[in-house]
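Inspection log for the structure reproduced underneath, given as structure tokens.
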Amino acid sequence: MRRKLLPLAGLYLVQGLPYGLQSGLLPVLLRARGLSLTRVGLAKVLYLPWLFKLVWAPLVDTRGSLKAWLVLSTAALGLVCGLLAALPPAEAGPAGLPVTVAGLLLLLNLGAAVQDVAVDTLAVQLLEPAELGPGNTVQVVAYKLGAVLAGGGLLALVPTLSWPLLFLLLAAAYWLAAALVWAAPALQQLPASGRSEPPLRSLHLLQDLLAMPGTLWTAGFVLTYKLGEQGASSLFPLFLLDHGISTPELGLWNGVGAVVCSIVGSSLGGALLARHRQPLALLRSVLRFRLGGLACQTTLLFHLDTPGVRLGPSTVLRGAALLSLCLQHLLGGLVTTTTFTLMMRCSQRAPRALQATHYGLLATLELLGKLFLGTLAGALADSLGRPLCFAFFLVLSGMPVLYLSLAPGSLA
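First residue of the sequence shown? That's 2 in our numbering, and the numbers climb one at a time after it.
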């Protein structure tokens, strides 16, 4: 199993770099420059290519070899980073980002989304059912390690690391990953692909996908399970910044500390799944804990919204705020690993000729739910106020707990 997990870990690591760059680094830098929460949230529009994975997922299923898709998409990411290093623009765009940078980041997301389809297809085809727990732990942990390296790590180095050097390092990482994928022994003998099977060419492909056992319920769950958590995790660090926590300290806690807690949660989820815990049963317990953690964070926010309250150094309130931040990421990591295992189990039941498209559908809906609240969270806070906004997130986090009671027996 190690020969399978090592190349998957490397691919998911470099796949997390664009997300960390844009979720950990850009929001803090834009907010520190004085942009409103609404304009900071608009920067998430750069994630748009991830919502169209279903456009090229059928191509990955039916055109060329899976190894070629992996190598070419990873090398292309290195090329875009090289362009970012060589062509830093000066003109600012509507979201507070330079126009050329925004365009190249959009291309970076396009390449990362294509790579994501190929890597997920590799995982679905390579892993046996008993290996899904450890495999999805590697997926989530490696992805988040990449995110923290490009998010909190780069945020700490920004004062001393120049723009060209920053992206040259990222380009080198992508090109090294492409070379390792090309030479990886586990990828020399991939399972027989669906390219030998006649692909389904129905005019109603989406209906065919949703008709597969458990897909419709799983699609509804992955679309909604992160709504409240994503809204809270997008705004809470910015509120801490507004209440006196410095940018470097916030980068350390929200970029490194929070992701370490998320990795611990993901590893715990993988360990529990490896002990033959069923994903649905584990989700029922963990979602309740997450709801309780968000309730505590909301209560803390109501107190922080009291006039004159600030997070002074070495205060209990400051410690409680940072602990709340880390706890939510720990529980979020546990929930994410368990949910991805559920998604992959559902996709393995699809015909091999449609597995990339099937998993691409579920992954797109999962991302759509996160982006929807992540993008609108700032506007909601500006219009509703912070306490009411977090009360709304709390209600959204309670919805998946109720939805689990409708799970079909085919996913048990």
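Yeah, the Cβ is synthetic: ideal placement off N, Cα and C, and Gly gets one too.
Quantities reported herein were computed from a predicted structural model and do not represent experimental measurements.
Cβ-Cβ separation, residue j to residue i (assumed contact under 8 Å), whole Å
i    : j    : result
V81  : L105 : 6 Å
A178 : Y20  : The Cβ separation is near 15 Å, so there is no contact.
P238 : L251 : 6 Å
V223 : L363 : 6 Å
V182 : G361 : That belief does not hold up - the Cβ atoms of V182 and G361 are roughly 20 Å apart, past 8 Å.
Distance between residue j and residue i (C-alpha atoms, nearest Å)
i    : j    : result
L55  : R64  : 14 Å
M400 : T225 : 8 Å
C347 : K227 : 19 Å
M213 : L405 : 19 Å
F341 : Q16  : 16 Å
A86  : Y48  : 20 Å
G221 : D243 : 35 Å
L78  : L22  : 14 Å
A354 : R285 : 32 Å
L324 : L67  : 42 Å
D450 : S384 : Past the edges of the chain, shown from 2 to 413, lies residue 450, and the structure says nothing about it.
Q349 : P130 : 9 Å
G410 : V287 : 20 Å
H304 : A282 : 35 Å
G83  : L369 : 29 Å
L14  : V72  : 15 Å
G11  : M345 : 19 Å
L111 : L295 : 33 Å
L150 : L331 : 18 Å
P388 : T316 : 22 Å
L273 : G293 : 21 Å
L166 : D209 : 47 Å
A103 : H277 : 45 Å
L397 : L108 : 32 Å
W57  : W70  : 11 Å
L269 : L88  : 42 Å
L302 : A184 : 51 Å
Contacting residues, own chain, Cβ-Cβ under 8 Å from residue i (five flanking each side not counted)
i    : result
L9   : V120, L123, A124, L127, G136, V139, Q140, A143
A76  : Y175, W176, A179
L381 : G232, C390, F393
L206 : P59, T358
Q356 : D62, T122, V125, Q126, G195, S348, Q349
L146 : L14, G17, V260, I264
L407 : W218
Limits of the unbroken alpha helix (DSSP H) element including residue i
i    : result
F130 : In the sequence on display, residue 130 carries Pro and not Phe. Here P130 belongs to no alpha helix (DSSP H), and DSSP marks it neither H nor E.
W218 : 216-225
Q231 : 228-243
G21  : 3-21
V396 : 387-404
L206 : 206-211
L251 : 248-251
Close-in-space but distant-in-sequence residues of the same chain around residue i (CB under 6 Å, 5 per side omitted)
i    : result
S267 : T138, V141, V142, G334, T338
L374 : L228, Q231, G232
A114 : P50, W51, K54
L366 : A220, V223, L224
L343 : P280
L422 : Coverage of the chain is limited to positions 2 through 413, which leaves residue 422 absent and any answer about it impossible.
G215 : C347, P409, S411, L412
Nonlocal neighbours in the same chain, by C-beta distance under 7 Å from residue i, ignoring five residues either side
i    : result
R289 : V402
A275 : G134, P135
G258 : C327
G271 : G134, P135, N137, T138, T338
beta-carbon residue i near the ligand PLP non-hydrogen atom, thresh 7 Å
i    : result
L146 : Ligands in the displayed structure: none, and consequently the ligand PLP is not present.
message = As an exercise, report each continuous alpha helix (DSSP H) stretch of at least 4 residues that is fully enclosed by the segment 257-331, in chain order.
response = For the segment 257-331, whole alpha helix (DSSP H) runs of length 4 or above, ordered along the chain, are 259-275, 280-305.
query = Quick one: complete alpha helix (DSSP H) runs, 4+ long, within the segment 322-381?
reply = none
query = Unbroken alpha helix (DSSP H) runs of length 4 or more, entirely within the segment 53-112: which are they?
reply = 54-63, 67-87
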